[in-house]
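Residue numbers (the numbering used here): 1418 to 1599.
The beta-carbon is built from N, C-alpha and C at its ideal position, and this holds for glycine as well.
Remember, predicted model here, so these are calculated numbers, not experimental data.
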């Protein structure tokens, strides 16, 4: 599974590079997509409508579009393989627990050294706890048991990370009066 996740990560990086090459080519020729997101259906329609005067430019453009499409298909294939093999994997219950978190849909391979480098770089100190708020979620006890179970008996050769959205900060921003403008 680790090899599949790493291959997916490499395919994702390859797709990012292909998109960057295509965007650089378009920018060099004064073509700028004004929509919201590259890769969207609107962006693909916009790309299909692009025509260049010189045949060499059109050939390069089409090659870049085809390369991005192939990289996208490669990434999707790795994601399908991971999803197919995931139920048979010995770590499947722990993956299901991570997938229960909001926004987590697939495993992402991150090494311990990467985590140890990223946390200090962003001033993160997850081991320090300042306060604890009890949730009024009716499924809180079941969720708490799942999370505490990961800490009490973590999977072999795994790193257990805890993430908090800090949604209460947004609520505080709206309820606190603003500072006077000088």
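Candidates the options, of which the one nearest residue i by Cα
| i | options | result |
| --- | --- | --- |
| residue 1366 | 1509, 1504, 1555 | Beyond the ends of the chain as shown, which are 1418 and 1599, falls residue 1366; an answer cannot be given. |
| residue 1565 | 1577, 1555, 1554 | 1577 |
| residue 1465 | 1569, 1456, 1435 | 1456 |
| residue 1507 | 1575, 1433, 1486, 1552 | 1575 |
| residue 1443 | 1462, 1418, 1474 | 1474 |
| residue 1447 | 1468, 1555, 1461, 1462 | 1468 |
| residue 1418 | 1496, 1569, 1540, 1560 | 1496 |
Residue i classed as buried or exposed, judged by whether at least 16 other C-beta atoms fall within 10 angstroms
| i | result |
| --- | --- |
| residue 1520 | Here residue 1520 scores only 48 on pLDDT, less than 50, and its place in the model is too uncertain to base an answer on. |
| residue 1557 | exposed |
| residue 1502 | exposed |
| residue 1488 | buried |
| residue 1432 | buried |
| residue 1435 | buried |
| residue 1481 | buried |
| residue 1423 | exposed |
As assigned by DSSP and simplified to three states, the class of residue i
| i | result |
| --- | --- |
| residue 1449 | coil |
| residue 1443 | helix |
| residue 1494 | helix |
| residue 1560 | helix |
| residue 1519 | Note that residue 1519 has pLDDT 45, beneath the 50 cutoff, so the model's placement of it is unreliable and the number below is only indicative. Reduced to three states, the DSSP call for residue 1519 is coil. |
| residue 1469 | coil |
| residue 1570 | coil |
| residue 1489 | helix |
| residue 1506 | coil |
| residue 1429 | helix |
| residue 1554 | coil |
| residue 1575 | coil |
| residue 1454 | coil |
Problem - Stretch-stretch touch, CB-based, cutoff 8 angstroms, three pairs: the region 1489-1504 with the region 1438-1453 - result: no
Handout entry: the region 1418-1437 contacting the region 1447-1454, beta-carbon criterion three pairs below 8 angstroms
Key = no
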